[in-house]
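Chains A and B, in that order, are what the protein sequence lines are.
The working numbering puts the first residue of the first sequence at 1, with every later residue one more than the last.
The working numbering puts the first residue of the second sequence at 1, with every later residue one more than the last.
C-beta atoms are modelled at their ideal positions from N, C-alpha and C, and glycine is treated no differently.
From a predicted model like this one, the values you see are computed outputs, not experimental measurements.
There are 2 protein chains.
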Amino acid sequence: MRKADVVVIGGSAAGLTAAITCRRHYPQKSVLMIRKEEQVLIPCGIPYIFGTVAGPQKDIMSDAALEKNSIGLLIDEVSDIDPQGRVVITSGGEKVTYEKLIMAMGSDPMVLPIPGVDKKNVFTAKKEVTYLQKMLDTLDQSANLVIVGGGFIGVEFADECNKNRDINVSIVEMLPHCLMLAFDDELCTAAEEVVKTAGINIFAPEKVVAFEGDGKVSSARLESGKELPADMAILGIGAVASTTLAKKIGLELGPARGIKVNRYMRTSDDNIFACGDCADKWSFFDGSPSNIKLASIAAQEARIAGANLFGARRMNKGVVTVFSTVVGDKAFGLAGLSTLEAIKKGYNVVVGEAEAPNRHPGGMGGMALLKVKLVFEIGTGVILGGQIMGAKSGGELLNAISACIQQGMSVDDVAAFPVGTHPALTASPIAYQLTNAAEMAIKAMKSA
Amino acid sequence: MRKADVVVIGGSAAGLTAAITCRRHYPQKSVLMIRKEEQVLIPCGIPYIFGTVAGPQKDIMSDAALEKNSIGLLIDEVSDIDPQGRVVITSGGEKVTYEKLIMAMGSDPMVLPIPGVDKKNVFTAKKEVTYLQKMLDTLDQSANLVIVGGGFIGVEFADECNKNRDINVSIVEMLPHCLMLAFDDELCTAAEEVVKTAGINIFAPEKVVAFEGDGKVSSARLESGKELPADMAILGIGAVASTTLAKKIGLELGPARGIKVNRYMRTSDDNIFACGDCADKWSFFDGSPSNIKLASIAAQEARIAGANLFGARRMNKGVVTVFSTVVGDKAFGLAGLSTLEAIKKGYNVVVGEAEAPNRHPGGMGGMALLKVKLVFEIGTGVILGGQIMGAKSGGELLNAISACIQQGMSVDDVAAFPVGTHPALTASPIAYQLTNAAEMAIKAMKSA
Numbered sequence: 001m002r003k004a005d006v007v008v009i010g011g012s013a014a015g016l017t018a019a020i021t022c023r024r025h026y027p028q029k030s031v032l033m034i035r036k037e038e039q040v041l042i043p044c045g046i047p048y049i050f051g052t053v054a055g056p057q058k059d060i061m062s063d064a065a066l067e068k069n070s071i072g073l074l075i076d077e078v079s080d081i082d083p084q085g086r087v088v089i090t091s092g093g094e095k096v097t098y099e100k101l102i103m104a105m106g107s108d109p110m111v112l113p114i115p116g117v118d119k120k121n122v123f124t125a126k127k128e129v130t131y132l133q134k135m136l137d138t139l140d141q142s143a144n145l146v147i148v149g150g151g152f153i154g155v156e157f158a159d160e161c162n163k164n165r166d167i168n169v170s171i172v173e174m175l176p177h178c179l180m181l182a183f184d185d186e187l188c189t190a191a192e193e194v195v196k197t198a199g200i201n202i203f204a205p206e207k208v209v210a211f212e213g214d215g216k217v218s219s220a221r222l223e224s225g226k227e228l229p230a231d232m233a234i235l236g237i238g239a240v241a242s243t244t245l246a247k248k249i250g251l252e253l254g255p256a257r258g259i260k261v262n263r264y265m266r267t268s269d270d271n272i273f274a275c276g277d278c279a280d281k282w283s284f285f286d287g288s289p290s291n292i293k294l295a296s297i298a299a300q301e302a303r304i305a306g307a308n309l310f311g312a313r314r315m316n317k318g319v320v321t322v323f324s325t326v327v328g329d330k331a332f333g334l335a336g337l338s339t340l341e342a343i344k345k346g347y348n349v350v351v352g353e354a355e356a357p358n359r360h361p362g363g364m365g366g367m368a369l370l371k372v373k374l375v376f377e378i379g380t381g382v383i384l385g386g387q388i389m390g391a392k393s394g395g396e397l398l399n400a401i402s403a404c405i406q407q408g409m410s411v412d413d414v415a416a417f418p419v420g421t422h423p424a425l426t427a428s429p430i431a432y433q434l435t436n437a438a439e440m441a442i443k444a445m446k447s448a
Numbered sequence: 001m002r003k004a005d006v007v008v009i010g011g012s013a014a015g016l017t018a019a020i021t022c023r024r025h026y027p028q029k030s031v032l033m034i035r036k037e038e039q040v041l042i043p044c045g046i047p048y049i050f051g052t053v054a055g056p057q058k059d060i061m062s063d064a065a066l067e068k069n070s071i072g073l074l075i076d077e078v079s080d081i082d083p084q085g086r087v088v089i090t091s092g093g094e095k096v097t098y099e100k101l102i103m104a105m106g107s108d109p110m111v112l113p114i115p116g117v118d119k120k121n122v123f124t125a126k127k128e129v130t131y132l133q134k135m136l137d138t139l140d141q142s143a144n145l146v147i148v149g150g151g152f153i154g155v156e157f158a159d160e161c162n163k164n165r166d167i168n169v170s171i172v173e174m175l176p177h178c179l180m181l182a183f184d185d186e187l188c189t190a191a192e193e194v195v196k197t198a199g200i201n202i203f204a205p206e207k208v209v210a211f212e213g214d215g216k217v218s219s220a221r222l223e224s225g226k227e228l229p230a231d232m233a234i235l236g237i238g239a240v241a242s243t244t245l246a247k248k249i250g251l252e253l254g255p256a257r258g259i260k261v262n263r264y265m266r267t268s269d270d271n272i273f274a275c276g277d278c279a280d281k282w283s284f285f286d287g288s289p290s291n292i293k294l295a296s297i298a299a300q301e302a303r304i305a306g307a308n309l310f311g312a313r314r315m316n317k318g319v320v321t322v323f324s325t326v327v328g329d330k331a332f333g334l335a336g337l338s339t340l341e342a343i344k345k346g347y348n349v350v351v352g353e354a355e356a357p358n359r360h361p362g363g364m365g366g367m368a369l370l371k372v373k374l375v376f377e378i379g380t381g382v383i384l385g386g387q388i389m390g391a392k393s394g395g396e397l398l399n400a401i402s403a404c405i406q407q408g409m410s411v412d413d414v415a416a417f418p419v420g421t422h423p424a425l426t427a428s429p430i431a432y433q434l435t436n437a438a439e440m441a442i443k444a445m446k447s448a
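Written out as structure tokens, the structure is:
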């Protein structure tokens, strides 16, 4: 019988961050990570192995952080848990006792329940090195690729698979536009323009109803009757929380079908915490169930869970979605609620927009336009969301917006925010997008 | 007699932003800007006209914002004001009545009180096109340039003047290191390394005691007795608030020798507001007088002043210094207090640092290391400051730190902050510098 004070199941963004956080907060406690993967992929980097970084071996998370933080590692699959005896049992026959357990098993890609989905060369975005290598090999021999789902995973896959290859890539999206669950319409349209300019076909609104082919996929049949040739297909339609183990030991699930956790990331078992894609989530704004699954949220929850193991220290205030993507050379990002989401939640909203070069004067190297769009509640003036589009510096500007949202700042607070600017790094202080977008929202409020 | 509801004196970062803000908040009020310059330079861009952007004409602020916002423009110098009659008088003979007046006259470069400072080819960083063109012409004919002052202006001038020129550039700095009033030692040293690698000489701690030469400067004599050949010299030793006009009409000055303003940017005359370099400033932290002069702060104060003209709406909470610079290809930035400043103000501090690539995996294009260092008060855990060094994406990350400071966030709030990450835009969620620097500060607190 092996023994560890803290056992962490899972080695991706949530598991690794939780283990490190535990070591930092409770240096006297021993931590053992149990994961089934020999090598762990950087999850957000997966689309890029098909283009920019060339291969899964270029997207591996180093285990150096484990050694540096004295975190033990057992590569094995957890097959069962005895919550009363506080024992983790692996399929390799190991038994490990724990004081506190962190479940960070992640999620599994969703599979479309349609005929032919089990044909050869129909893939999902699995986080497994050999599987992804097989995808890459198949891609290199394919002339026609169909991607099902135009969310950010689908768009990133399409963009990368299309790079430096003589291939015909098509995205099939159910909604009228790609990325519609993430961004306001004009950002979706702008992203689609970039995708189309790169030669990628978009079919939207459209559905794949079946994959055809003799053993191997040869085409995708669409609801409209169209038939797209396809010697490879990738499903990017979302992921479901990995809860098999949790259900097996009787942990409660939450309304978003993840492992139920309280605001301290504790499950229905006092000694078991959960974080990341496998944990249930709720909105920062109205507490409603949230299906969002992002490595950044996983890491955030892991920082909460890891710090709370032996005493509640940090509260999970719920998901403030903050994420970004790059299409072509253009960054797109959202923090908080999009305009549509805010309206759906019942807010009376007002928006403000500002666009400016990310350098000043424009002749400074690396100049690109960057647009910021902010959404406020009209009565209180509280910021609800922000979107960025354009220059890559917007990726970090988005985190300033996130801070404004998380702190419930008012439109005047944002407008008179103490920003730092520099010719080679940002817009000018006069044209700075964040403050000006807030001013434009006030102008809109006044004329409303 | 001309008439405007609002008259703004000055057309740089403060004046222009105040005028625009007034138009946005009070669309029914007419606004007239009076400035003496035919063309206004982008202030932060001035060092770059000597290298990257090649010439003052590439660093001009467009007047398009005036037209777009229906702001009148009078190019003339204000020679007097009648505060009782609410009349502005110009040296061109114009008289303009106002309801509210905004003073945004900026600052003037300081001149060293040493022998020979009035010799030909000894320059300051004046914001005048013809003066700067003369500097550039002189620079192009110079073999030896001495820069007095190793603050960020001095370092930026040195770096730019040294670009694509066969010239010997030297910085003479009073303090032991360049940039010491801005950053912690290790950032100063790192910046100096970049400067030296570019072939620039640094003399520190050292003082220029006289300029020698027959009419024209030919050398700078140092306190140590050294004599540096110099056919050109630039003084970058700071600036003083432009208060001549304010003193003439009896406005009170503040402890930092700027025009005294209350928290709404109102001067001792109820109908006159001041903002930017000419206005007095105080620290966000302890309210002590602040001599900091930055275009970003000027614009922030202008957004407060402009919105408050006909009813107090925004409060100036004092200066949270947020600024950044680029030396070579490396960004350096500060938000709030450096470690030394925090200690000087009497705080018991703890610091946390984290460094990581600004991309994940590392093979993504544009990868560079970015370090974040945070300073917290040890008893309350409240964030006091942050510094960034490395990748240019740090310029906007600094604004996320600024938000944390302005909102008085605790070390746990920062550690569990909802960040957005993306392979092509930021560090990985696990290694993200801001959250990890906070965790390292907690670790340091625990072992303190």
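Three-state secondary structure assigned by DSSP to I374/A:
According to the sequence provided, residue 374/A is Leu. The question's Ile does not apply to it. L374/A falls in the strand class under three-state DSSP.
Between A400/A and chain B, is the shortest Cβ-Cβ distance under 8 Å, so that the two count as touching?
yes
Residues of chain A with a CB under 7 Å from the CB of Y48/B: which are they?
M364 and P423
Inspect the beta-carbon positions of I147/B and I114/B and report whether they are closer than 8 Å.
no
Nearest chain B C-beta to G11/A closer than 8 Å, yes or no?
no
Run through chain B and tell me which residues come within less than 7 Å of D59/A, C-beta to C-beta.
P361
How about the segment 291-307 of chain B and the segment 402-409 of chain A: do they share at least three Cβ pairs that are nearer than 8 Å?
no
Chain A within 8 Å of P289/B, Cβ atoms only
no
Please determine, among A391/A, Q387/A and P361/A, the residue with the shortest C-alpha to C-alpha distance to G51/B.
P361/A
Looking at chain B, is there any beta carbon in it that lies within less than 8 Å of the beta carbon of V419/A?
yes
Same chain only: Cβ atoms within 8 Å of A65/A, ignoring 5 sequence neighbours per side
L16, I20 and I71
Helix, strand or coil at A391/A according to DSSP, with G and I counted as helix:
coil
Between the CA atoms of I259/A and I60/B - distance to the nearest angstrom
58 Å
Give, in chain order, every residue of the segment 292-312 of chain A whose Cβ lies closer than 9 Å to some Cβ of chain B.
L294, A295, S296, I297, A298, A299, Q300, E301, A302, R303, I304 and A307
Range of the contiguous alpha helix (DSSP H) that encloses S218/B
Premise fails: S218/B is in no alpha helix (DSSP H) and is neither H nor E.
Count the C-beta pairs between the segment 376-394 of chain A and the segment 175-187 of chain A that are closer than 8 Å, then say yes if the count reaches three, no if not.
yes
Can you tell me the Cα-Cα spacing of L340/B and I102/A, whole angstroms?
40 Å
Consider the Cβ of P56/A: report whether some Cβ of chain B lies at a distance smaller than 8 Å.
no
Is D82/A buried or exposed, if buried means 16 or more other CB atoms sit within 10 Å of its CB?
exposed
Is it true that the CB of A427/A sits closer than 8 Å to the CB of N316/A?
no
Beta-carbon of A428/B versus every beta-carbon of chain A: anything under 8 Å?
With the sequence shown as reference, residue 428/B is identified as Ser, and Ala is not the correct amino acid for it. Chain A contact via Cβ: present.
Would you mind stating whether S219/B and G225/B have Cβ atoms separated by less than 8 Å?
no
Compute the Euclidean distance between the alpha carbons of V240/A and A274/B, then round it to the nearest angstrom.
57 Å
Is there a C-beta anywhere in chain A that falls below 8 Å from the one on E341/B?
no
Supposed close pair M33/A, L73/A - CB separation, criterion 8 Å
5 Å
Using only the alpha-carbon positions, how far apart do F157/B and M445/A sit?
43 Å
Segment limits, beta strand (DSSP E) that includes E353/A:
V349 to P357
Please go through the segment 181-209 of chain A and give each complete beta strand (DSSP E) segment of 3 or more residues, from N-terminal end onward.
201-203
Starting from the C-beta of A431/A, find all residues in its chain whose C-beta is less than 6 Å away, skip the five residues before and the five after it, and write them out in chain order.
A356
Please name the residues in the segment 315-328 of chain A whose beta-carbon is closer than 9 Å to at least one beta-carbon of chain B, in chain order.
M315, N316, K317, V319, V320, T321, V322, F323, S324, T325 and V326
Does the beta carbon of K392/A sit closer than 8 Å to a beta carbon anywhere in chain B?
yes
C-beta atoms of F376/B and A441/B nearer than 8 Å
yes
Interface flag, Q407/A vs chain B, CB-CB below 8 Å
yes
Count the other C-beta atoms from every protein chain shown that fall within 10 angstroms of the C-beta of M1/A, then say buried if there are 16 or more, exposed otherwise.
exposed
Could you spell out the range, first to last residue, of the beta strand (DSSP E) harbouring A239/A?
A239 to A241
Just to confirm, are V195/A and V382/A a CB contact at a threshold of 8 Å?
no
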